[in-house]
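**Student:** Quick one: the structure is below, questions incoming.
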Ligand SMILES: [Ca+2]
Ligand SMILES: [Ca+2]
Ligand SMILES: [Ca+2]
């Protein structure tokens with residue numbers, strides 16, 4: 008009896024420790040940025056609730072951008088690859104550029120990578136997607152805000168709430184985010200949106216039909 012209790016306690020402690028190791032839905036390594044601390048990216052929380060998807064991005068990078076020497080960097084856009092072919096086909100614009108709307112959800116025609124903004128002589132992460140440059144506006148985030156956090160590291164959070172029907176359901180969606188136009192820190196990952204209720208009920212009806220058929224035969 009005592010042994011069981013001990014085993015249970017150890018299991019509980021292990022579970023708690025495992026839970027603590029993961030700070031966000033998608034963690035980014037702390038300290039992997041290039042340059043100053045303002046470029047650090049910490050991670051992203053992705054939460055599905057009701058018919059919304061919430062994306063919270065934790066960063067030290069200010070909304071108004073950071074200038075290093077002669078290079079005026081600006082915050083990156085959020086990229087999605089809906090069909091996992093390695094090409095980012097959808098995204099959300101974060102800042103006012105190319106006449107696109109901040110908080111707007113776009114089907115992407117063209118995008119710029121970090122090299123498109125680079126100034127010779129500066130170190131940065133090469134070839135990383137950073138900004139949508141043209142596309143079709145499909146909708147916009149119901150909430151799109153930038154918040155200062157209590158304490159520091161991370162200092163800020165991008166807060167984005169979107170209709171979950173903007174996303175394909177029940178399939179792996181890849182995403183990518185560069186902290187800024189230089190991509191001095193970036194992160195990738197994937198998430199899944201649950202099947203639509205209609206699909207579920209159809210599936211249920213199908214199963215019911217199968218059961219009925221079995222009963223008859
Ligand atoms: Ca980082
Ligand atoms: Ca794609
Ligand atoms: Ca990173």
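Numbering (the numbering used here), first residue to last: 8 to 224. Here a beta-carbon is modelled for each residue, glycine too, at the ideal position from N, C-alpha and C. These numbers come from a predicted model, not from an experiment.
1. Which residues are close to ligand 2, meaning CB closer than 5 Å to any heavy atom, in chain order?
2. Assuming the contact rule is C-beta atoms closer than 8 Å, residue 180 and residue 89 should be a hit. Round their C-beta distance to whole Å, please.
3. Taking all protein chains shown into account, decide if residue 97 is buried (16 or more other Cβ within 10 angstroms of its Cβ) or exposed.
4. Please output, in chain order, the residues near ligand 3 using a CB cut-off of less than 5 Å to any non-hydrogen atom of the ligand.
5. Between the alpha carbons of residue 115 and residue 140, how many angstroms are there, rounded?
6. Within this structure, are the beta carbons of residue 202 and residue 170 separated by less than 8 Å?
7. Can you tell me the Cβ-Cβ gap for residue 193 and residue 135, rounded? I've got them flagged as a contact below 8 Å.
8. Heavy atom of ligand 1 less than 7 Å from the Cβ of residue 37, yes or no?
9. List in chain order: all unbroken beta strand (DSSP E) runs of 3+ residues lying wholly within the region 34 to 86.
10. Assuming residue 85 and residue 101 are in contact, meaning their beta carbons sit under 8 Å apart, how far apart are those beta carbons, in whole angstroms?
11. Restricting to Cα atoms, I'd like to know which of 153, 43 and 34 is closest to residue 189.
12. Could you check where the beta strand (DSSP E) with residue 199 kicks off and where it finishes?
13. Hey, quick one: how far does the beta strand (DSSP E) through residue 162 stretch, first residue to last?
14. With distances taken Cα to Cα, identify the nearest neighbour of residue 184 among 105, 47, 125 and 172.
15. Roughly how many angstroms lie between the CA atoms of residue 120 and residue 127, to the nearest whole one?
16. Grouping DSSP H, G and I as helix and E and B as strand, with all else coil, what is residue 11?
17. Cβ of residue 182 versus every heavy atom of ligand 1: is any distance shorter than 7 Å?
**Tutor:** In terms of the structure at hand:
1. Every residue whose Cβ sits closer than 5 Å to any heavy atom of ligand 2 is listed here in chain order: 88, 90, 92, 94 and 96.
2. Indeed, because the Cβ distance is near 6 Å, the residues count as touching under 8 Å.
3. With 16 or more Cβ atoms within 10 Å of its Cβ, residue 97 is classed as buried.
4. Going by the Cβ distance cut-off, the answer is 35, 39, 192 and 194.
5. Rounded to whole angstroms, residue 115 to residue 140 spans 8 Å at the Cα level.
6. It is not a contact, given that the beta carbons lie outside the stated cut-off.
7. Between residue 135 and residue 193 the Cβ distance is about 5 Å, and since that is below 8 Å, they are a contact.
8. Flag set: Cβ of residue 37 near ligand 1.
9. Fully enclosed beta strand (DSSP E) runs of 3 or longer: 48 to 56, 59 to 66, 73 to 75 and 78 to 80.
10. Their Cβ separation, rounded to whole angstroms, is 7 Å, which keeps residue 85 and residue 101 in contact under 8 Å.
11. For residue 189, the closest of 153, 43 and 34 by C-alpha to C-alpha distance is 43.
12. Unbroken beta strand (DSSP E) run through residue 199: 193 to 199.
13. Neither: residue 162 is in no beta strand (DSSP E) and is coded neither H nor E.
14. A check of alpha carbon separations from residue 184 across 105, 47, 125 and 172 identifies 47 as the nearest.
15. Taking the Cα positions, residue 120 is about 15 Å away from residue 127.
16. Reduced to three states, the DSSP call for residue 11 is helix.
17. Of the heavy atoms belonging to ligand 1, none sits nearer than 7 Å to the Cβ of residue 182.
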